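Residue numbers (our numbering), protein chains in the order written: chain V, 765 to 1127; chain P, 765 to 1127. Built from N, CA and C at the ideal position, the CB exists for glycine as well. In this text the structure is predicted, and so the values were computed from the model without any measurement.
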């Protein structure tokens, strides 16, 4: 008898329709459900499963049901100039408000060369790289950042006063995959430490601090403590700057004042602040010349001599680009325990769950 | 008999006049000499001696004398829109072209909310934080980045294909010192490793790679190899993005194509590309409210519980802010071996060298 499969693969279009139906069932308007589903499925396609339906769909539904995310995302313009805007997301879906903000940055940049749009009262917006890709699609450079619920101590501190504050950059290329750098300003995510805690395995001492602010290799002590910033004081500096620019400048929560993490349903709504910047390539250089130069720069790096035992040098976003091609073809693998939760959600909301196309590790 | 002093302190205004006279003696126009001197003296005042007259003045003079830096900085506008510009620095002084670029970004941002100015054919521009401070002085958020001569391997590589590509952010505050994050995307500078090599002391294996791309604790092997990016692949990603945005987008050199390091007089001019972004605070929030929020955010962080044996939590730029106050009062310490080089330069150019105000370690 064959072993029970640990995961099954589902076609991305089937999962997209499922996700749209789930969101529609809790009151999200059709276009907003489509945008949110597109974001989550793109994350899964790119292998960023921490930001796909595999992790966030159930919490999003619960947060909508509990009033922590407004199903109708009413974005209002608070201040506006030719190259800037401040948007109020009114606690709606982060994906919807954020995509609207990046669209606005793109439209303004097309007129003036560059634009910066901030969003306040935003919610978890998923993978920052998604919005960078929106700029890339319009031959622009994109920059995206957000703050969030606190999980990182300041450098020298022991209490969580900053979020993992991710920052993303998107740069169009020609024949090479576009460059998408999408990085948290911590060494690892809390989710990664949770995996070690479940297996009762020690973590490297560079990942987290215990409650007193001491480096720890105990994953449970780490989960009661804080995440370490990447690169020590440099990552702390980046996280703080992102908090000031995204949270303080927009009028959103900042520091320890943002609401709860995705699964903390007993804490207030997140009220995060997010930043979207678009810069038009053709304000500096004709687009074909730029893309040829980016291709040349990437190829020189990827063809440069490698360190021992390194098989390949990657550009940021390249692995995700290739994973996307694989998963578009072979489907998105859903671990069986995640599938169980999604099927329960489907049953609860009376939404059909798609059939898997095949099974097995990686499918 | 007292020990010979290891350094002597000089008043910043005396050193400023000395620096202006030195630059004037090699053909730099008065205003440009004043701007460059202001930058270098500000770096020394803030304790960033690697970017002050203590390290770069002699190389700047030599590069001017050898034709690697043009003493007259003729900045021309290549492309211009309401919120963007591409400037050609024509190989002039990095401080002059870069200050002009940041001024232009500030003027444009004042009109539109946000602006992005790129510079090509630039030279070593010193401390990135200086230009961020220019934005702060106008109640704007500043962002600055540059590429430079290669010294960093891509992640998984062994050949220098990227520079230390610094990035700086400046954020105005109210009563607190403004936040200035000014960080290279490497763990440490080459200069720091040079100090260890001189003393024949091992370096941490996280700092550098040898010529084959292996982590090394041998400072001499490190100097023949490459610097490690901060935070591993994340620092590599940041460095690459800065190279593409600053070098490739501007039409400057990129990757391994920038010219020589400051002391490499037998290699071509640098042709670096640099980026200057200004964002007006009052496009998002009234300035007094913003500054009060920044103050509150910084104080909450600085007053938060500390890790064991930590005496104080700092915000980025705070140590430099305090060093500046001390050095404005007590003078800038110049190590005796640096003073010897500066005196020789003064004699060569027939420029008077100022008198020290007092002596001793830290003066």
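Neighbourhood of residue i by C-beta distance below 8 Å, restricted to the same chain and skipping five residues each side
i, result
"residue 909 (chain V)", "892, 929, 930, 931, 932, 1006, 1009, 1010, 1038 and 1039"
"residue 790 (chain V)", "825, 828, 829, 835 and 1113"
"residue 1095 (chain P)", "773, 774, 775, 776, 1120, 1121, 1122 and 1127"
"residue 1030 (chain P)", "1024"
"residue 1092 (chain P)", "776 and 809"
"residue 969 (chain P)", "979, 980 and 981"
Cβ shell of residue i (< 7 Å), same chain only, five flanking positions each side left out
i, result
"residue 1027 (chain P)", "823"
"residue 916 (chain V)", "924, 926, 927, 928, 950, 990, 991, 993 and 1003"
"residue 814 (chain V)", "953 and 955"
"residue 834 (chain P)", "854, 855 and 856"
"residue 785 (chain V)", "1115"
Neighbour-count burial assignment, residue i, 16 or more Cβ in a 10 Å radius
i, result
"residue 1055 (chain P)", "buried"
"residue 831 (chain P)", "exposed"
"residue 829 (chain V)", "exposed"
"residue 803 (chain P)", "buried"
"residue 1044 (chain V)", "buried"
"residue 945 (chain V)", "buried"
"residue 768 (chain V)", "exposed"
"residue 1084 (chain V)", "buried"
"residue 774 (chain P)", "buried"
"residue 862 (chain P)", "buried"
"residue 1052 (chain V)", "exposed"
"residue 1097 (chain V)", "buried"
"residue 1089 (chain P)", "exposed"
"residue 852 (chain V)", "buried"
"residue 1050 (chain V)", "exposed"
Distance between residue j and residue i (C-alpha atoms, nearest Å)
i, j, result
"residue 825 (chain P)", "residue 1041 (chain P)", "29 Å"
"residue 1057 (chain V)", "residue 857 (chain P)", "26 Å"
"residue 965 (chain P)", "residue 1014 (chain V)", "48 Å"
"residue 807 (chain P)", "residue 777 (chain V)", "56 Å"
"residue 939 (chain P)", "residue 1024 (chain V)", "30 Å"
"residue 914 (chain P)", "residue 1065 (chain V)", "12 Å"
"residue 962 (chain P)", "residue 983 (chain P)", "9 Å"
"residue 783 (chain V)", "residue 997 (chain V)", "40 Å"
"residue 1121 (chain V)", "residue 902 (chain V)", "34 Å"
"residue 765 (chain V)", "residue 801 (chain V)", "Bear in mind that a pLDDT of 45 at residue 765 (chain V), under 50, signals an unreliable position, so the number given afterwards is only what the model happens to contain. If you take the alpha carbons of residue 765 (chain V) and residue 801 (chain V), they lie about 37 Å apart."
"residue 1068 (chain P)", "residue 876 (chain V)", "42 Å"
"residue 874 (chain V)", "residue 846 (chain V)", "11 Å"
"residue 772 (chain P)", "residue 860 (chain P)", "29 Å"
"residue 1021 (chain V)", "residue 960 (chain V)", "29 Å"
"residue 948 (chain P)", "residue 1076 (chain V)", "25 Å"
"residue 1048 (chain P)", "residue 1018 (chain V)", "15 Å"
"residue 1032 (chain V)", "residue 888 (chain V)", "13 Å"
"residue 986 (chain V)", "residue 967 (chain V)", "9 Å"
Residues that residue i contacts on chain P, provided the C-beta gap is smaller than 9 Å
i, result
"residue 1079 (chain V)", "918, 1001 and 1004"
"residue 943 (chain V)", "1001, 1004, 1005 and 1008"
"residue 879 (chain V)", "847, 876, 877 and 878"
"residue 1023 (chain V)", "By Cβ distance, chain P contributes nothing, its closest Cβ being about 16 Å from residue 1023 (chain V), past 9 Å."
9 Å Cβ cut-off: residues of chain V touching residue i
i, result
"residue 1085 (chain P)", "Neighbours of residue 1085 (chain P) on chain V: none; closest Cβ ~14 Å, over 9 Å."
"residue 909 (chain P)", "Simply none; closest approach about 11 Å."
"residue 782 (chain P)", "Near residue 782 (chain P) there are no residues of chain V at all, since even the closest Cβ is about 33 Å away, more than 9 Å."
Where residue i meets chain V, residues with beta-carbon distance less than 7 Å
i, result
"residue 843 (chain P)", "1047 and 1048"
"residue 971 (chain P)", "Per Cβ cutoff of 7 Å: no residues; residue 971 (chain P) is ~12 Å from chain V at best."
"residue 913 (chain P)", "Those do not exist, as residue 913 (chain P) stays about 15 Å from chain V at its closest Cβ, beyond 7 Å."
Same chain, Cβ closer than 6 Å to residue i, neighbours up to 5 away in sequence not counted
i, result
"residue 1079 (chain P)", "943 and 1062"
"residue 905 (chain V)", "935 and 1043"
"residue 900 (chain P)", "934, 936 and 942"
"residue 880 (chain V)", "848 and 1041"
"residue 907 (chain V)", "933 and 1041"
"residue 1110 (chain P)", "1117"
"residue 1082 (chain V)", "941"
"residue 1102 (chain V)", "818"
Chain P residues whose Cβ lies nearer than 7 Å to that of residue i
i, result
"residue 819 (chain V)", "Here the premise fails: no neighbours, minimum Cβ distance about 21 Å."
"residue 1068 (chain V)", "918, 921, 923 and 925"
"residue 900 (chain V)", "Those do not exist, as residue 900 (chain V) stays about 12 Å from chain P at its closest Cβ, beyond 7 Å."
Chain P residues whose Cβ lies nearer than 8 Å to that of residue i
i, result
"residue 978 (chain V)", "1071 and 1072"
Check whether the stretch 1030 to 1049 of chain V touches the stretch 882 to 892 of chain V, counting contact only when three or more Cβ pairs, one atom from each stretch, lie closer than 8 Å.
yes
Any chance the stretch 835 to 851 of chain P sits against the stretch 957 to 975 of chain P, with 3 or more Cβ pairs inside 8 Å?
no
For the stretch 860 to 869 of chain P against the stretch 893 to 901 of chain P, are there 3 or more C-beta pairs whose distance is under 8 Å?
yes
Three or more C-beta pairs under 8 Å: does that hold for the stretch 1060 to 1077 of chain V against the stretch 976 to 983 of chain P?
With a cut-off of 8 Å, the stretch 976 to 983 of chain P and the stretch 1060 to 1077 of chain V count as touching, because enough Cβ pairs lie within range.
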